[in-house]
């Protein structure tokens, strides 16, 4: 097992001319290969800020983010794209892209100036589509398929990018329970079969507890990373929501409403 | 793959269409010259009448080349803008680039009187007009870009473009109060658009400008494909977004600016042609779209030129009117026909 990304005394937040807003301090997280790691926390707690900082989009207030033992802010865009791929929540702009073309765009960090796909590129694209079981959609347009299928296509694109680390921002947001579960299972299968590390943020805490190898919990007071069962026995989930009517049932491993 | 075969056939058809249109534009006009004589004068042989040879070499050939350059340049600049702004309705005319270029030219033609004579001679030369026009269109594009970063709403960007159009018209009408009848006439003729006023020398300047613009566009094919997934995905796939955007903007400005300088503001080609290419080839892949837009741009511009010459008549209609007459309905038809307007 190898550490792919780690944070060292990382502080995240926003700096403006007037003031510095610190969202979280002294984060020492480590993302290891072959692990499915979920990031949970209430709305507005700073999950997106954390993801933006560890993907190098936003500068940390202090501390470092190390990707393969090298500071993430010193990567050039192309090297970074070969080590880290993203699945975002934003809606795709209108276009006529087919599913195959969309997945193939993941090969951009490796293709020549005009983007020609070599036979190796095509092989990687086909592997990614096979792993996510979307081969039958290859010639469909990206706007013709369902939300659940599109999410798989976007994951296939990230797989085609062939990076040791994939980060997904709320991949299950628009999906029903069936598709949420199948997506989580897919992510789990990918970490096991490819030894990649996959980090995703989510609000589906019950499912995340059951399927993740590790979880990162963000609350206003602390940020903690551990295996789900340890987090339950430590009682970390009780402080997640500041509401007396939402209680964590440690035995069932889920939240209940009183 | 079936798509590949279909594309090859389409490109062959387009290539033949372009050749046919090019010959037709040489042959048709106030004087109709038979194809055989066109061929003879082009290959250095003897045409049946020596005046025909003169008309073809010194008048129609430069005009047809201009039409090809204008058609390809404007269409490609439209394609670049539609992808960059993620907006199917973007184009050099709609976003006010042509207006910006007009403003630059208006300042030069109408304002030259205020300058010392040696300066006014320079600014009124072809180079001066090209520089003013490119400068004007770049300024507008930069402003649109600044606005588009503040407003995520794409409709707002189009409205800003329209506002620039009105703004330019207003400034031009203010300028006309301070200009002579001769200057005013020059500007009015310029603003109606014309493909026929270029000598071989000015044509070569235009060709260099359009050539640079097209080369830069070709080098942006891969970034443009990445941008189909939006700015953030493009960055995550290793694209240096700022650099790519700068190249795309510069290419668009030099294309729209230089063409507007020489041929006047020409409407709708930049907006309509990329859509015709997208619909015909059913793809968003810019490797294919780039070439198909080039072909369609040249063919449609040559066609508009033939129509504006009114074969068999003595009058020439302003080219801008023809492109609007053809382009505007095409855009409406596209909007109505295709609900998922890509």
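Residue numbers (the numbering used here), protein chains in the order written: chain A, 1 to 258; chain B, 1001 to 1342.
All C-beta atoms, glycine included, are put in the ideal place defined by N, C-alpha and C.
Per DSSP, reduced to three states, the secondary structure at residue 167/A is strand. When DSSP states are grouped into helix, strand and coil, residue 255/A belongs to the strand group. Sixteen is the threshold: since fewer than 16 other Cβ atoms of the shown chains lie within 10 Å of the Cβ of residue 1333/B, the residue is exposed. C-alpha of residue 1136/B to C-alpha of residue 1101/B: approximately 5 Å in a straight line.
Within chain A, the residues whose beta carbon sits less than 8 Å from that of residue 1221/B are 114 and 115, listed in sequence order. The distance from the Cβ of residue 200/A to that of residue 67/A is about 17 Å, inconsistent with a contact at the 8 Å cut-off.
Cα atoms of residue 1017/B and residue 1299/B: separation of roughly 7 Å, rounded to the nearest angstrom.
Cβ atoms of residue 186/A and residue 87/A stay farther apart than 8 Å, at about 12 Å.
The residue from 240/A, 244/A, 242/A and 232/A with its alpha-carbon nearest to that of residue 250/A is 232/A.
Beta-bridge partners of residue 1093/B (DSSP): none assigned.
What residue 108/A touches in chain B, judged by beta-carbon distance under 8 Å, is 1222, 1225, 1226, 1237, 1238 and 1239, going in chain order. Straight-line measurement puts the Cα of residue 143/A at about 60 Å from the Cα of residue 1050/B. Distance between residue 178/A and residue 1012/B, taken at the CA atoms: about 49 Å. Residue 1241/B has its alpha-carbon roughly 40 Å from the corresponding atom of residue 1188/B. The Cβ-Cβ distance between residue 1007/B and residue 105/A does not fall below 9 Å.
Taking CB atoms only, residue 57/A has a neighbour in chain B less than 9 Å away. Residue-level contact by beta carbon holds for residue 82/A and chain B, with a gap shorter than 9 Å.
What residue 97/A touches in chain B, judged by beta-carbon distance under 7 Å, is 1228 and 1284, going in chain order. Within the same chain, and ignoring the five residues on either side of residue 1286/B in sequence, the residues whose Cβ sits closer than 6 Å to its Cβ are 1221, 1224 and 1225. In this structure, residue 1160/B lies near residue 1143/B, with their beta-carbon atoms less than 9 Å apart.
Here residue 215/A carries a strand assignment [DSSP, helix/strand/coil]. Taking a cut-off of 8 Å for Cβ pairs, the segment 1246–1266 of chain B and the segment 1190–1205 of chain B touch, as three or more such pairs fall below it. Counting the other CB atoms within 10 Å of its CB gives residue 1095/B a total of 16 or more, which places it among the buried residues. Bounds of the alpha helix (DSSP H) holding residue 101/A are 99–104. The beta carbon of residue 121/A sits closer than 6 Å to the beta carbons of 107 from its chain, once the five residues preceding and following it are set aside; these are given in chain order. Short of 7 Å from the beta carbon of residue 205/A, and not among the five residues preceding or following it, lie these beta carbons of its own chain, in chain order: 40 and 255. Just so you know, the alpha carbons of residue 150/A and residue 156/A end up roughly 10 Å apart. Scanning 1198/B, 1032/B and 1056/B for the CA closest to the CA of residue 1043/B turns up 1056/B. Sequence-distant partners of residue 1305/B (beyond 5 residues in either direction) whose C-beta falls short of 6 Å from its own C-beta, in its chain, are 1025, 1067 and 1195.
Interface criterion met: the Cβ of residue 1086/B is under 9 Å from a Cβ in chain A.
Within a 10 Å sphere around the beta-carbon of residue 1235/B sit 16 or more other beta-carbons, which makes this residue buried. By the neighbour-count criterion, in which 16 or more other beta carbons inside 10 Å mark a residue as buried, residue 1087/B falls on the buried side. Under the rule that a run must span 3 or more residues, the beta strand (DSSP E) segments found entirely inside the segment 9–85 of chain A read 20–27, 30–32, 36–41 and 62–67.
Among the residues of chain A, those whose CB is under 9 Å from the CB of residue 1232/B are 57, 86, 88 and 90, following chain order. Following the DSSP letters along the chain, one finds residue 134/A in no beta strand (DSSP E), marked with neither H nor E.
Nearest to residue 52/A by C-alpha distance, out of 1317/B, 1256/B, 1232/B and 1005/B, is 1232/B.
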